[in-house]
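Beneath this line is the structure, given in structure tokens, with notes to follow.
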Amino acid sequence: MSIALEHVSYVYSPGTAYEKQALKDVSFEIEQGQFVGIIGHTGSGKSTLIQHLNGLVKATSGKILYEGQNIYDAGYDMRKLRGQVGLVFQYPEYQLFEVDVLTDVCFGPKNQGLPQEECEKNAREALELVGFPEKYYRHSPFELSGGQKRRAAIAGVLAMKPKVLILDEPTAGLDPKGRDEILDQVQKLHRETGMTVILVSHSMEDVARYVERIIVMNHGEKMYDGTPREVFRHYRELEKVGLAAPQVTYVMHDLREKGFPVSPDATTIGEAADEIMKCFEYRTGESQ
Amino acid sequence: MIRDITIGQYYPAESRIHRLDPRVKIVCTLLFLISLFIQNSFLGYVIATVFLGAVIRLSNVPLKYIVKGMKPVVILLLFTVVMNLFLTQGGETLAHFWIFTISENGLRTSVFMAVRLIYLVTGSSIMTFTTSPNGLTDGLEKLLHPLNRINVPVHEVAMMMSIALRFIPIILEETDKIMKAQMARGADFESGNIIQRAKAMIPILVPLFVSAFRRANDLAMAMEARCYHGGDGRTKMKPLRYRGRDRIAYAVTLIYLVVIFIVGRYIPFKLWVF
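Top to bottom, those sequences are chains F and L. Reminder that position 4 of the first sequence reads as 4 in full-length UniProt numbering, one-by-one numbering, no gaps. Reminder that position 154 of the second sequence reads as 154 in full-length UniProt numbering, one-by-one numbering, no gaps.
What follows is the structure, encoded as structure tokens:
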């Protein structure tokens with residue numbers, strides 16, 4: 001139960017002036033149930049990468065194994081794969097098209113060939129999962145606010161009951177409140193359903209708070225792969241490629257340089273606060 | 001996939017053709033198109049081939065790229081060829097089966113028609129490949145400027161054209177994105193009969209129109225915010241000016257036109273039926 005990439009490379013428009021190597025020999029494996037963040041600055045190949053995972057883009061070379069099976073094998077059922085590996089694109093609200101929200105969310109399950117009642121049941125469940133208010137179910141998706149549209153669009157993918165959920169910059173263009181709400185919702189989803197979640201972002205803060213593993217992409221190559229703690233230890237290298245560790249990492253490193261016995265590995269504000277408190281306890285203990 | 005549509009697109013490269021004044025390219029393309037229609041002989045097409053080949057060579061646009069741009073006209077091309085092949089009569093009969101007859105004239109017309117069509121598309125694509133959309137509309141605006149006197153809103157038409165051209169790649173990219181997003185939700189665009197396929201387009205077309213209107217609205221706002229008020233009193237940052245190379249290009253094209261006219265009309269030469 002996993003997705004594995006083996007030496008995947010991808011070249012855009014080969015043989016023209018627009019030729020561009022988007023991915024270079026990328027390999028990794030994601031186990032079922034993991035919460036993974038993929039980060040990288042604009043143009044690092046992260047969006048291209050995730051489009052490989054459900055077969056929307058075919059690798060120029062390399063293999064992709066879903067549950068041990070090569071998805072490029074002849075006769076492999078791509079539509080079934082897309083139902084299991086749900087991909088939510090950046091600004092997914094731009095793909096809404098139906099007369100009302102519920103019908104739009106039904107689009108996915110309907111394509112899977114489910115009967116009408118089951119489509120609707122799945123759609124309602126999905127909308128509930130993303131915290132979409134029931135009173136808007138019969139409203140046109142074009143009348144909703146930005147945050148609600150996005151929830152509806154994410155529900156549109158969840159309604160297919162995927163085992164893996166990939167979100168490409170799910171918080172782009174949302175205000176801080178909307179951003180936290182969506183990410184909290186995603187985290188809840190991961191906890192309650194146990195589905196694999198892959199979160200693509202360029203915001204380290206967002207990613208650090210939620211994921212258990214980070215894959216850093218740079219110029220189409222995998223640069224780091226590990227727990228947030230391991231990855232943020234390379235904060236100086238990250239800076240060089242246009243990324244930054246969460247601000248707490250910097251604070252902790254600064255404190256340590258000033259001589260406070262704190263561990264610089266804290267990646268979230270909570271952890272950092274604990275570390276600083278420990279340091280105080282240590283001091284008061286000393287003075288007594 | 002859909003990104004492969006290259007017709008009407010600009011191909012950024014460094015070349016002598018790219019550097020020419022857009023007006024030269026527009027006028028010369030027009031002359032080239034005319035040259036295809038004022039003659040219909042084997043030698044004439046040979047000269048046109050040489051001229052077109054030389055221009056392609058000079059333009060540094062890969063031939064593969066140009067050929068790829070022909071894809072959308074293949075069906076039209078086949079249709080023309082088949083129609084002409086079977087429906088044009090005259091001369092000796094070359095082949096006959098059931099109700100179909102291929103005559104000398106039919107073969108001749110269909111082959112010449114196909115070449116003409118291919119050169120027509122290639123010739124105009126060379127212009128768009130080597131001229132940026134802005135250059136193209138600048139050139140057109142300047143060329144059509146005299147029409148201002150009879151109250152044709154030349155500037156506005158040129159501006160609309162340049163916006164339309166500018167939006168082609170954007171809309172294509174948007175289509176690609178929306179298609180992928182719907183495919184990620186299990187949409188299928190490839191199977192089913194014609195009605196099912198047309199229906200499958202709705203999930204693409206609705207978001208596409210919504211986004212096109214949104215973009216048009218944003219653009220209008222941005223233009224107003226920068227005090228755009230039409231063509232009156234508007235000056236250019238880079239006014240078009242003819243240079244030596246432009247005069248040479250005009251001269252070469254005119255010579256080509258004269259040669260193809262004389263050769264095509266007055267030198268009788270036949271290779272088999274052509």
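All residues carry an ideal CB built from backbone N, CA and C; glycine is no exception. As the structure is a prediction and not an experimental result, all values here were calculated from the model.
Inset, instruction - Kindly indicate which three-state DSSP category PHE189(L) falls into: helix, strand or coil? - result: PHE189(L) falls in the coil class under three-state DSSP.
Legend entry - Selected residue, minimal CA-CA separation from LEU199(F), among ARG191(F), GLN95(F), LEU183(F), LYS188(F): LEU183(F)
Legend entry - Host alpha helix (DSSP H) of GLU29(F) (start-end): Counting along the chain, GLU29(F) falls outside any alpha helix (DSSP H), though it belongs to the beta strand (DSSP E) covering 20 to 31.
Legend entry - ILE248(L) versus ARG226(L) - alpha carbon distance: Pairing ILE248(L) with ARG226(L), the inter-Cα distance amounts to about 39 Å.
Inset, instruction - Check whether the region 148 to 162 of chain F touches the region 100 to 107 of chain F, counting contact only when three or more Cβ pairs, one atom from each stretch, lie closer than 8 Å. - result: yes
Inset, instruction - Note down the Cα distance separating LEU107(L) from TRP272(L), rounded to an integer number of angstroms. - result: Approximately 11 Å between the Cα atoms of the pair.
Legend entry - Residues near LEU5(F) by beta carbon distance below 6 Å, same chain, minus five either side: VAL26, SER27, PHE28, ILE64
Inset, instruction - Please list the partners that ASN54(F) has in chain L, where partner means a Cβ-to-Cβ separation under 7 Å. - result: ALA184
Inset, instruction - Would you mind reading off the limits of the alpha helix (DSSP H) that contains HIS139(F)? - result: Unbroken run through HIS139(F): none, as it is neither H nor E.
Legend entry - Which residues DSSP lists as bridging VAL36(F), in chain order: ILE198(F), ARG213(F)
Legend entry - Continuous beta strand (DSSP E) stretch holding residue 289(F): start and end: Outside the displayed span of chain F (1 to 288) sits residue 289(F), for which this structure offers no information.
Legend entry - Short CB-CB distance (under 8 Å) between ILE178(L) and chain F: yes
Inset, instruction - Assign TYR76(F) to one of two classes, buried (16 or more other C-beta atoms within 10 Å of its C-beta) or exposed (fewer than that). - result: exposed
Legend entry - Secondary structure, alpha helix (DSSP H): runs of 4+ residues fully inside the region 139 to 199 of chain F: 146 to 158, 176 to 193
Legend entry - DSSP-derived helix/strand/coil call for MET237(L): coil
Legend entry - Short CB-CB distance (under 8 Å) between VAL157(F) and chain L: yes
Legend entry - Contact between the region 186 to 196 of chain F and the region 110 to 118 of chain F (3+ Cβ pairs under 8 Å): no
Inset, instruction - Whole angstroms is fine: what's the gap from ALA152(F)'s alpha carbon to LEU167(F)'s? - result: So the alpha carbons of these two residues sit roughly 14 Å apart.
Legend entry - CB of THR60(F) within 8 Å of CB of TYR10(F), strictly: yes
Inset, instruction - Run down chain L in chain order and give the residues with a C-beta less than 9 Å from the C-beta of VAL115(F). - result: The amino acid at residue 115(F) is misidentified as Val; the sequence shows Pro. Residues of chain L passing the Cβ test: none, with the nearest at roughly 15 Å.
Inset, instruction - Please look up how many angstroms separate the CB atoms of THR267(F) and VAL241(F), rounded, as I've assumed it's under 8 Å. - result: The Cβ separation is near 18 Å, so there is no contact.
Inset, instruction - Determine the contact status of VAL154(L) and LEU165(L), defining contact as a CB-CB distance below 8 Å. - result: Cβ distance not < 8 Å, so VAL154(L) and LEU165(L) don't count as in contact.
Legend entry - 7 Å Cβ cut-off: residues of chain F touching LYS64(L): Below the 7 Å Cβ cutoff, chain F contributes GLY15 as neighbours of LYS64(L), in chain order.
Inset, instruction - Kindly indicate if chain F contains any beta-carbon less than 8 Å away from that of ILE17(L). - result: no
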